[in-house]
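The next block holds one structure in the form of structure tokens; read it before the comments.
Protein chains in written order, with my numbering: chain B, 692 to 892; chain A, 56 to 257.
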């Protein structure tokens with residue numbers, strides 16, 4: 692794996708979802724079998740994002756951790772199948788948004804990907820898509836954490852000293868969710884929140 | 056409960072989203088449901104009723120019998136695996152209520168489709184105020200799982216606020232463990248618990 696040198700993108704703290712690097716930038720992984728395509732995309736994105744790059748599926752999988760928010764994935768990546776990489780991308784530990792990098796809009800499995808980008812990708816479209824996927828990732832991550840905390844909060848007895856603390860964190864997350872929801876279309880919010888229920892139709 | 060709207064219909068005192076805890080033996084549930092449905096502050100109400108186990112005709116009857124008279128009614132019929140054949144058979148029949156239509160969601164586990172269908176109605180209410188009754192979260196919890204229903208309700212309650220609509224959600228606390236009920240309660244600023252005296256609490 693080639694790590695972009697201009698931006699620090701160290702691994703996320705174990706056991707904690709951050710979806711950003713140490714500097715707070717959203718982390719994007721670009722994985723295309725053509726190094727020139729990969730590096731061109733990385734160049735466009737690295738002014739705003741912490742970008743990681745990979746040219747084969749083993750490197751792509753090695754670059755995936757909870758800190759990654761968005762993956763731009765060439766389904767024809769050499770090595771393990773794209774399905775294998777996708778399974779890892781959508782696993783609970785990683786759970787990021789993924790766009791397919793394709794030669795044509797045909798043959799994109801709309802159930803498996805959150806977006807599709809046809810190469811060569813115009814820079815404006817590239818930035819707009821990554822921005823949208825980053826907001827989706829933020830919504831999904833906050834919603835997942837909101838549920839986990841709500842479940843913990845619900846299990847506490849009324850006089851548990853942790854209750855106030857958890858209650859405050861729930862209020863913060865609720866406000867954060869409202870803010871991100873404001874930037875999403877409602878249908879997109881359902882699709883993002885419930886991606887694991889997406890049907891194959 | 057106050058239902059006073061302000062001039063532009065937004066920012067009413069009545070909360071946008073209410074969780075209604077209605078135990079199975081509660082006889083007053085329909086009355087509270089009907090009162091909440093009409094708490095829109097306007098007579099141009101689009102009643103949007105979601106039903107799962109109960110047939111659309113039964114759900115409509117539960118409150119039209121009490122004088123419910125919205126400008127328009129849409130029933131969204133969510134088909135659950137455990138519904139009786141008799142309830143489904145009645146779904147396509149004429150409901151006997153003017154301006155009432157029925158739409159179907161063929162799979163109760165498809166919360167994305169249910170959400171999108173609700174959004175189509177919530178976002179298309181010209182000159183009307185939509186009042187949503189979801190009956191019930193218990194049925195959805197039994198068809199799917201707590202995490203999915205929790206996330207669905209978080210999005211739906213946000214969508215209700217965005218559409219300047221009002222909504223109430225039925226949950227039967229007797230059929231879930233207390234932690235599940237308490238988890239869902241986190242999503243609501245207003246919970247009406249008909250197990251006690253119907254007081255509004257958090």
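Beta carbons: idealized from backbone N, C-alpha and C, even for Gly.
Pair within 7 Å by beta-carbon distance, residue i and residue j
i                      : j                      : result
residue 807 of chain B : residue 793 of chain B : yes
residue 754 of chain B : residue 741 of chain B : no
residue 234 of chain A : residue 841 of chain B : no
residue 747 of chain B : residue 726 of chain B : no
residue 680 of chain B : residue 174 of chain A : The structure shown does not extend to residue 680 of chain B, since chain B spans only 692 to 892, so no value can be given for it.
residue 821 of chain B : residue 761 of chain B : yes
residue 247 of chain A : residue 73 of chain A  : yes
residue 818 of chain B : residue 871 of chain B : no
residue 163 of chain A : residue 135 of chain A : yes
residue 771 of chain B : residue 721 of chain B : no
residue 787 of chain B : residue 829 of chain B : no
residue 245 of chain A : residue 186 of chain A : no
Euclidean distance between Cα positions of residue i and residue j
i                      : j                      : result
residue 719 of chain B : residue 765 of chain B : 14 Å
residue 75 of chain A  : residue 212 of chain A : 14 Å
residue 195 of chain A : residue 207 of chain A : 10 Å
residue 71 of chain A  : residue 749 of chain B : 49 Å
residue 824 of chain B : residue 799 of chain B : 17 Å
residue 728 of chain B : residue 773 of chain B : 18 Å
residue 736 of chain B : residue 844 of chain B : 39 Å
residue 115 of chain A : residue 715 of chain B : 52 Å
residue 93 of chain A  : residue 242 of chain A : 22 Å
residue 836 of chain B : residue 759 of chain B : 16 Å
residue 112 of chain A : residue 867 of chain B : 40 Å
residue 809 of chain B : residue 733 of chain B : 16 Å
residue 838 of chain B : residue 797 of chain B : 37 Å
residue 172 of chain A : residue 852 of chain B : 42 Å
residue 730 of chain B : residue 873 of chain B : 33 Å
residue 813 of chain B : residue 869 of chain B : 31 Å
residue 239 of chain A : residue 217 of chain A : 21 Å
residue 756 of chain B : residue 831 of chain B : 16 Å
residue 77 of chain A  : residue 117 of chain A : 14 Å
residue 84 of chain A  : residue 231 of chain A : 18 Å
residue 161 of chain A : residue 167 of chain A : 12 Å
residue 190 of chain A : residue 815 of chain B : 45 Å
residue 751 of chain B : residue 156 of chain A : 50 Å
residue 880 of chain B : residue 887 of chain B : 13 Å
residue 154 of chain A : residue 850 of chain B : 51 Å
residue 865 of chain B : residue 69 of chain A  : 20 Å
residue 882 of chain B : residue 183 of chain A : 27 Å
residue 777 of chain B : residue 165 of chain A : 22 Å
residue 199 of chain A : residue 86 of chain A  : 28 Å
residue 204 of chain A : residue 90 of chain A  : 25 Å
residue 743 of chain B : residue 723 of chain B : 12 Å
residue 79 of chain A  : residue 889 of chain B : 32 Å
residue 784 of chain B : residue 179 of chain A : 38 Å
residue 767 of chain B : residue 795 of chain B : 13 Å
residue 159 of chain A : residue 876 of chain B : 23 Å
residue 801 of chain B : residue 775 of chain B : 17 Å
residue 854 of chain B : residue 738 of chain B : 41 Å
residue 791 of chain B : residue 717 of chain B : 19 Å
residue 259 of chain A : residue 862 of chain B : As shown, chain A starts at 56 and ends at 257. That puts residue 259 of chain A outside it, with no answer to give.
residue 782 of chain B : residue 848 of chain B : 32 Å
residue 125 of chain A : residue 152 of chain A : 10 Å
residue 105 of chain A : residue 805 of chain B : 29 Å
Beta bridge counterpart(s) of residue i as assigned by DSSP
i                      : result
residue 720 of chain B : B/743, B/762
residue 222 of chain A : A/72, A/187
residue 244 of chain A : DSSP output for residue 244 of chain A lists no bridge partner at all.
residue 756 of chain B : Looking at the DSSP assignment, residue 756 of chain B forms no beta bridge with any residue, so it has no partner.
residue 808 of chain B : B/792
residue 158 of chain A : A/131
residue 105 of chain A : A/131, A/189
residue 100 of chain A : A/184
Whole-Å CB distance - residue i paired with residue j, under 8 Å assumed
i                      : j                      : result
residue 88 of chain A  : residue 188 of chain A : 6 Å
residue 169 of chain A : residue 193 of chain A : Rounded, the Cβ-Cβ distance is 15 Å, inconsistent with contact.
residue 884 of chain B : residue 834 of chain B : 6 Å
residue 250 of chain A : residue 228 of chain A : 7 Å
residue 214 of chain A : residue 177 of chain A : 6 Å
Distance cut-off 6 Å: residue i Cβ against heavy atoms of the ligand GTP
i                      : result
residue 219 of chain A : Absence of the ligand GTP from the depicted structure is noted, as is the absence of any ligand whatsoever, leaving it without description.
Interface residues of chain D facing residue i [CB-CB closer than 7 Å]
i                      : result
residue 166 of chain A : Chain labels in this structure do not include chain D; the protein chains are B and A.
Three or more C-beta pairs below 8 Å linking the stretch 850-858 of chain B and the stretch 219-232 of chain A:
no
Say whether the stretch 86-103 of chain A touches the stretch 128-135 of chain A, bearing in mind that this needs 3 or more beta-carbon pairs closer than 8 Å, one atom from each stretch.
yes
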